[in-house]
Amino acid sequence: MSTLLRDVIGIPERAGSEDYVLRLAESTEASHIRQTLANYVVTDSLAENFDSALGLVSDALSRQQSKGAFLTGSFGSGKSHFMAVLHALLGHEPAARDVTALQPVIARHDPALRDKNILRLTYHLLGANSLEEAVLGGYLTQINQQYPGAPIPAVHTSDELLVDAENTRRQLGEEAFFAGLNGGESDGSGDAWSALLGEGEWNAESYEAARAAGPDTEQRQQLVTALTQSFFTSYTRHATYVDLDTGLSAISRHARALGYDGIVLFLDELVLWLAFSVRDTEFFRKETQKITKLVESSATVREVPIVSFVSRQMDLRKWFADAGASGAEQEALDRAFRHQEGRFSTIELGDDNLPQVAHQRLLRPVDDRAADELKDAFNGLDRRPEVWDVLLDGVNTGEQHRGASEADFRLTYPFSPALVTTLRSLASVMQRERTALKVMQQMLVDRRDALTVDDVIPVGDAFDYIVNGKQALDTHVANLFGAATRLYEDKIKPLLLREHNVTQQQLDENPDSVPQGFRSQERLAKTLLLSAVAPGVPALKELTASRLASLNHGSILSPLPGNEARVVMAAINTWQKEVPEIQTSGDATNPVIRVQLSEVNYESIVERVKSEDNPGRRRQLVKEIVHDALGVDPNSSDLGSAATRTVIWKGSRREVDVVFGNVRDTAWLSDEHFRERPGTWRFVIDYPFDEDGHAVAEDIERVERMLQAGKYASTVVWLPYFLTDEVQRDLVRLVKLHWLFTGPGERWQNNADHLSENDRAQARIILENQHTNLKNRLTRVLQQAYGAAAAEQGNLVQEAGHTRVLFSLNREFDPAEPVGADLGTAFGNLIDQAYRASYPAHPDFEPSDNEITTRQLETVRSYVEQAATEPDGRVPVNTPDRQTLRRITGPLKLGKTTETHYLFGDDTFDFWATELDRGIAKAGLDAHAPVTVQQLRGCVADLQPRWGLRTDVCDLVISAWALLRKRAWYEANTAIKMPALGKLKDHHELRPESLPTEDDWKAAREKAGHLFGITVNPYLTGGNVGEFSEKVRQAAGDCATAAETLATELTEAYRRLNLERATDDRLTTAEQAARFVTDASRTSDRVRLIENIAKTSFSASPQVVGTSLAEARRVGDALHTFQWERLNPVLTAETGGDERARQAREILRRLREVVFGSELAAKLPEALKRAEDETFDWLGKAAHAPTPPTPDPAPQDSSGQAGTEKTDVGEIGAERTTDEATEQPPAEAVRDRITLTSSNDVSTVEIELKRLLAEHHNGHVHVQWWVE
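Position 879 of the sequence shown, counting from 1, maps to 879 under the UniProt record's numbering, and the rest follow consecutively.
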């Protein structure tokens, strides 16, 4: 038996309420200091804190300036102990100066402090009515104790005192009054204290002067002091104090007179005192703002500096806000605190010293033997990472939380770092009497007679010590503590008692008889509750089953080592059914476990919707859950109630149909419901329950009848085990919650409207989580019911004769039981079984769940096409395509892919070449006869064992065979290009086809590309030849008429422009192109067409001919519509010898060059327009030449009227003859005649007239016209 822990670390029999508590005001004497230092642990961080504190005092003395510092830390962090040791250091106590860890700090500050006389005053503020009363009154009290009979400073208000003094003076008379005021001395010598403090003998003159002086003057304060020491001694206990600023100046002056160099105030519990009065907002505001006066004086001078050390356990701003202060009050307090924080230093006493402190004060072995025994026990702990890391608080680590080391664990053993961190984190909100150290002591004391050296104290055991007992300091946390306690007492504890058959009386009176299972689960539950009241504790965040087990190390017993998490999760699942506040989320196999604390009556909402549960809704919900688990879209159901799931099986997209119904009921499921669609599998799934009086045996009987009928080839019936009554009760509750949360929003609103808005929100969170947890639990149970997981006790009904859940209606297929991590995985495995039975020879395209796409198949076909045109059937593989080719060609037996090349030919395609050739022969077809796609697909489908190729994969095989056998594609006796994969039609024909030579094919493709812009697949295959021929014939036919028209129009243009033909001019090119396209459009033989194209030569380049054909229609139209007569002026003038003739020749030269050249070099339509414009410009320049002298007026005839009249017509000057006589031109005149018809352009006449006027500057143009 292991050694009891009490024998190695000395656990006391009981824990005292004052253990580990130091009251500063009572602990500054030498004897107390020695006792304090004996158990005081000075860590590195504490040494730094002492360094800061001594430095603050040194600085204040050297600067003669008051200073202050907040000592921050939670309850139990050692603030009072720190002050006590600092008190001793400032008093130069030998015991304190003898502490080794403090000596470097002492040596550093001794030059500034060793010879200083410092007045050290301790304060315990609880019970004080004001800060003045506490500080100033405490000063008076401690001065009277240290210096009995000494005069005291004037720290009380003096006006009322002087009134009473005047009354006493009148009553006693002058002599008696001043005798009493001077202490009964009449010789004027005064006492020793008066001499020390600089006071003299009072008389009427000095008395009146002091009475008249201001309240802050030294005279007035000396008088007040004399009165309170003589006639009004009780005034120091009952009178009102001066304000804190004035009082601090008074005690500073007083201390100086006593010979002190400075004052240090140790203000213990000041912040706690303020916190207790937080609900008196006016008092709280007024007193908190006075703290600044400790370091900052508004008017008076302090003769010695005052240094204040203020212990602070909490943030008062948060307390003030929680107390209900208004926004304006909080803002004012914030300003005051910000003002203080700028004037007070902060010395933080972190609780990270707890391991060292606990070891020194609580866990130190009694001797070396005990230390060795503890060491051996510690070394024997479970070091598995999933346990060790949790114990070391190594979960949720980060910048703010780094976990603990093994050395830290050794210091606190048997308390794990995870438990120590929990206690540290909650120290600030626990009761003052329950600091982390005291809780640790109490836990040891309570289990003193049971704990052994091998036990690690479970975290769950801390719950009662932290949560139960007195009220927590923080109101919010107190409410959480209360809610956690009630949840445990009202719901979890009764559940545990019932489950483990324990009574409350047994638990109270005979706790040792309680089963270990109860204690283990109690600790789990309490650990969960701790995580709810302390969500910020890293060790308790995001709890999982394995972490719960590790935090309670040694409490969870499992038959199989390492299986503790499953034991924990089983308990959690059981609790969730009755305690919806316990929630799980995340990964179903390792969920995060939380507790939602609330006191809302959420059951009243569920009670309102109880009528929404019925058998139909239960079946529908089970169907939805199973559909979801199987990956079936319920919205895909057809008219026959079959829902479809699409799967990727061996890289191929497949479908399965799922039908839900009661198998035994023929009215529900007719025989047609069991019939599969072609190419698919059908699964008919029953429910895991039935109406009363019916059993699964009836379902099995119907299955056997249908099996005997032999009508179904690809159907599986799934008959689950029935659910127990307990699980069905869970289903009933889930149906209600599911109806509540999955329908319209008003369902919730209407059934929760009796609760307040806040309660409604909390109730929704709890019930929604229960809805989720119940659904997850039912999903797990359904997985067991459908045979995909081992059945857990209490979930399923074991019915005789029901030993399997899967029944195939095809005797050739006997499915194995569904296996998988979940129901969906099991269904996937079942689908794989089914399709393997249907298509045992299907290629294994790996990875099997990655679909082979049509695009990938087309990539493979492109390589097949390339290889089919190569003599050795070998083409290089591009690196990005290598994986695709390997994945498809190998399993499909479609050629061979090596590291660098793809090979295709009779040897590498021999399987399919042989099978398809054999299938064609078997169909009675000649090997060289046309064959349809339908016939080839039939050959593939008839292969045994069956391949079951998807349509586009089968199309790839057929396309490859066509390429190998050099077959061309035809549809309705018309050659077509090879169709896209998946687009092959049954009636498409593959015909044997002769092919041109490779050289002719290449030359024809290149030439057709220049002539018509045609591009086709470059590989020489029947399909490509057919596609190419059709494109050429189509393109040639489209441009043949335009090409012939162009040749005709160019012939006319050559005549008009007097152009001579050449061997490579535009006209020759047009005539050759016209003949070529005419022949090509009429050549039906594809090989001859390709040969003709390859062998045809043109006088111009193919690019020039191609441009001529492409622009034939546009150029021909431009030539046809051009008015050649407009060029007559320049044609006529070009023979002259003057500048005008030269210009005309230049216009015609440019036009003739374009007409003669190619359309590729220059655009003819634009050239015609340019020539026309230039002609008009040329004529216009003539019209603007200088006007010749006007001839003499014509003689009048015998009637006295002129024979002509001059008329200005446009830009042409002309004389119009008005009589009918026709004037005959002289013999030397230049003559011409133009006959106009309705189709002629009158502008022709205008052009000709302009030309004549331009040529004959001094001549006259006579115009005559008549109409016939």
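Built from N, CA and C at the ideal position, the CB exists for glycine as well.
- Message: Below 8 Å, how does it come out for the stretch 784-804 and the stretch 693-712: are there three or more Cβ pairs, yes or no?
- Response: yes
- Query: What number of angstroms, rounded off, separates the C-alpha of Ala525 from the C-alpha of Ile492?
  - Reply: Here residue 525 corresponds to residue number 525 of the sequence shown, with the count starting at 1. Here residue 492 corresponds to residue number 492 of the sequence shown, with the count starting at 1. Taking the straight line joining both Cα atoms gives about 8 Å.
- Task: Sort out for me which residues DSSP pairs Ser808 with in a bridge.
- Result: Here residue 808 refers to the residue found at position 808 of the sequence shown. Looking at the DSSP assignment, Ser808 forms a beta bridge with Val716.
- Residues bridged to Ser585 (per DSSP): Here residue 585 refers to the residue found at position 585 when the sequence shown is read from its first residue. Val592, per the DSSP bridge assignment.
- Item | Continuous beta strand (DSSP E) assignments of at least 3 residues falling wholly in the stretch 838-885 | 874-876
- Would you kindly work out how many angstroms separate the C-alpha atoms of Val781 and Ile11, rounded to a whole number? In the sequence shown, the residue the question calls residue 781 occupies position 781. In the sequence shown, the residue the question calls residue 11 occupies position 11. So the two alpha carbons sit approximately 49 Å from each other.
- Relative to the C-alpha of Val1025, which residue among Glu1049, Ala358, Glu499, Pro996 is closest? Taking the sequence shown and counting its residues from 1, one reaches residue 1025 at position 1025. Checking every option, the nearest Cα to that of Val1025 belongs to Pro996.
- Item | Integer Cβ distance of Leu46 from Leu113, believed to fall under 8 Å | Stepping through the sequence shown from its first residue, residue 46 is reached at position 46. Stepping through the sequence shown from its first residue, residue 113 is reached at position 113. Between Leu113 and Leu46 the Cβ distance is about 19 Å, and since that is not below 8 Å, they are no contact.
- Message: Within a Cβ cutoff of 6 Å, which residues of the same chain sit near Met706, ignoring the five residues on either side of it in sequence?
- Response: Position 706 of the sequence shown, counted from the first residue, corresponds to residue 706. Excluding residues within five positions, the ones whose Cβ falls inside 6 Å are Leu809.
- Task: Give me the Cα-Cα distance between Arg63 and Pro305, rounded to the nearest whole angstrom.
- Result: Taking the sequence shown and counting its residues from 1, the one referred to as residue 63 is at position 63. Taking the sequence shown and counting its residues from 1, the one referred to as residue 305 is at position 305. In a straight line, the C-alpha of Arg63 is about 9 Å away from that of Pro305.
- Sort out for me which residues DSSP pairs Leu796 with in a bridge. Within the sequence shown, residue 796 is the residue found at index 796, counting from 1. Answer is Leu723, bridged to Leu796.
- Message: I'd like the list of long-range same chain contacts for residue 1275, defined as Cβ closer than 6 Å, with 5 residues on each side in sequence excluded.
- Response: Lying before the first or after the last residue shown, residue 1275 is absent from the chain, which here runs from 1 to 1268.
- Hey, could you find the ends of the beta strand (DSSP E) Thr1078 is sitting in? Looking up residue 1078 in the sequence shown gives position 1078. That residue, Thr1078, is in no beta strand (DSSP E); its alpha helix (DSSP H) goes 1066-1082.
- Message: Output needed for Ala669: all residues of its chain with C-beta closer than 8 Å, excluding positions within five of it in sequence on either side, in chain order.
- Response: Locating residue 669 in the sequence shown gives position 669, where the first residue counts as 1. Here the sequence assigns Leu to residue 669, which means Ala is not the residue at that position. Excluding residues within five positions, the ones whose Cβ falls inside 8 Å are Val659, Gly661, Asn662, Val663, Val684.
- Message: Spatial neighbours of Ala834 within its chain, please: C-beta separation below 6 Å, excluding the five flanking residues on both sides.
- Response: Working through the sequence shown from its first residue, we reach residue 834 at position 834. Cβ within range, chain order: Trp681.
- Counting only beta-carbon atoms, is Val1032 nearer than 7 Å to chain C? Protein chain content of the structure displayed is limited to a single chain, and chain C is not contained in it.
- Query: When burial is assigned at 16 or more other CB atoms within 10 Å of the CB, is residue 1303 buried or exposed?
  - Reply: Outside the displayed span of the chain (1 to 1268) sits residue 1303, for which this structure offers no information.
- Close-in-space but distant-in-sequence residues of the same chain around Gly517 (CB under 7 Å, 5 per side omitted): Here residue 517 refers to the residue found at position 517 when the sequence shown is read from its first residue. Excluding positions up to five away in sequence, the list reads His500.
- Same chain, Cβ closer than 7 Å to Arg410, five either side skipped, listed in chain order: For the purposes of this step, residue 410 is taken as residue 410 along the sequence shown, with counting starting at 1. So the list reads Phe378, once near-sequence residues are dropped.
- Distance between Leu86 and Ala761 (C-alpha atoms, nearest Å): Taking the first residue of the sequence shown as position 1, residue 761 is located at position 761. Taking the first residue of the sequence shown as position 1, residue 86 is located at position 86. Using only the alpha carbons, I get a separation of about 52 Å.
- Task: Could you tell me the distance, in whole angstroms, from the CA atom of Phe689 to the CA atom of Tyr721?
- Result: Sequence index remark: in the sequence shown, residue 689 carries index 689 (1-based). Sequence index remark: in the sequence shown, residue 721 carries index 721 (1-based). Cα to Cα, the separation comes out at about 8 Å.
- Query: Name the DSSP bridge partner or partners of Tyr413?
  - Reply: Sequence index remark: in the sequence shown, residue 413 carries index 413 (1-based). Answer is none; Tyr413 lacks a bridge partner.
- Tell me whether Trp947 sits in a helix, a strand or coil according to DSSP, three-state version. The residue you call residue 947 lines up with position 947 of the sequence shown. In this structure, Trp947 counts as coil in the three-state DSSP scheme.
- Query: Under a Cβ-count criterion, where at least 16 other Cβ atoms within 10 Å of its own Cβ denotes burial, should Thr974 be classed as buried or exposed?
  - Reply: Taking the first residue of the sequence shown as 1, we reach residue 974 at position 974. So Thr974 counts as exposed.
- Within 10 angstroms of the Cβ of Leu1249, are there 16 or more other Cβ atoms? Answer buried if so, exposed if not. Walking along the sequence shown from the start, residue 1249 turns up at place 1249. So Leu1249 ends up on the buried side.
- Three CB pairs or more closer than 8 Å across the stretch 544-553 and the stretch 380-398: yes
- Task: Using beta-carbon positions only, say whether Asp1130 and Thr1078 come within less than 7 Å of one another.
- Result: In the sequence shown, residue 1130 corresponds to position 1130, counting from 1. In the sequence shown, residue 1078 corresponds to position 1078, counting from 1. According to the sequence shown, residue 1130 is Val rather than Asp. Contact: no.
- Query: Hey, Ile556 and Val567: beta-carbon distance below 7 Å or not?
  - Reply: Position 556 of the sequence shown, counted from the start, is the residue given in the question as residue 556. Position 567 of the sequence shown, counted from the start, is the residue given in the question as residue 567. Yes, Cβ-Cβ distance for Ile556 and Val567 is below 7 Å.
- Item | Under the three-state DSSP convention, the category Leu487 falls into | As a first step, residue 487 must be located in the sequence shown, where it is residue number 487. Reduced to three states, the DSSP call for Leu487 is helix.
- Message: Along the chain, where does the beta strand (DSSP E) containing Glu655 start, and where does it finish?
- Response: In the sequence shown, counting from the first residue as 1, residue 655 sits at position 655. 652-660 is the span of the beta strand (DSSP E), which, as asked, contains Glu655.
- Message: Would Leu248 and Lys290 qualify as a contact pair, given that the criterion is a beta-carbon distance under 7 Å?
- Response: Mapped onto the sequence shown, residue 248 falls at position 248. Mapped onto the sequence shown, residue 290 falls at position 290. No, the pair does not count as a contact, with Cβ atoms beyond the cut-off.
- Range covered by the beta strand (DSSP E) that runs through Ile976: For the purposes of this step, residue 976 is identified with residue 976 of the sequence shown, where counting begins at 1. Start and end: 974-976.
- Grab the span of the beta strand (DSSP E) containing Lys67 for me, first residue to last. To locate residue 67, count along the sequence shown from 1; it is residue 67. 67-72 is the span of the beta strand (DSSP E), which, as asked, contains Lys67.
- Item | Whole-number beta carbon distance between Ala1040 and Ser1081, since they are thought to touch under 8 Å | Locating residue 1081 in the sequence shown gives position 1081, counting from the first residue. Locating residue 1040 in the sequence shown gives position 1040, counting from the first residue. Confirmed, about 5 Å.
- Item | Endpoints, the alpha helix (DSSP H) within which Pro1102 is located | Translated into positions along the sequence shown, residue 1102 becomes position 1102. Taken as a continuous stretch (DSSP letters only), the alpha helix (DSSP H) holding Pro1102 covers 1102-1110.
- Query: Per DSSP, what kind of secondary structure is Phe231 in: helix, strand or coil?
  - Reply: The residue labelled residue 231 in the question sits at position 231 within the sequence shown. Residue state, collapsed to three classes: coil.
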